[in-house]
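Have a look at the structure below before the remarks.
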Amino acid sequence: MLHNFSAQPQEARFTLDQPEGRLLSSLLVNEEVHADENGVHKIALEAHGYRWFRVGGLGYALHVRRDSGAGVNW
11 MLHNFSAQPQ EARFTLDQPE GRLLSSLLVN EEVHADENGV HKIALEAHGY RWFRVGGLGY
71 ALHVRRDSGA GVNW
């Protein structure tokens with residue numbers, strides 16, 4: 011989670027030491043953030059705002075096979 015306790019909008023800049031860390035997926039809105047050519051993520055944060063991200067994409071959720079426990083797969 012990224013948060014901004016300032017009264018002014020700010021830009022958060024950071025890098026991740028994971029191969030899949032070049033892509034961040036928002037958990038609240040349909041948005042992906044890609045790192046620049048140096049591996050730096052730049053994310054705008056509104057004043058007193060927060061944003062939740064997952065490292066990597068969300069495509070894994072499209073390929074999951076679930077079992078309800080009652081023998082029904084969905």
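The numbering used here puts the sequence shown at residues 11 to 84. For every residue, glycine included, the Cβ atom is placed at its ideal position computed from N, Cα and C.
request  = Find out if the Cβ-Cβ distance for the pair Leu-68, Ser-35 is shorter than 9 Å.
outcome  = yes
Sequence-distant residues of its chain with Cβ nearer than 8 Å to Leu-37 (five each side left out) = Trp-62, Phe-63 and Arg-64
request  = Could you give the DSSP three-state label for Glu-42: helix, strand or coil?
outcome  = strand
query = Any idea what DSSP makes of Glu-21, helix, strand or coil?
reply = strand
message = Cutting at 6 Å between CB atoms, please list the residues of its own chain near Ala-45, excluding the five before and the five after it.
response = Arg-32 and His-51
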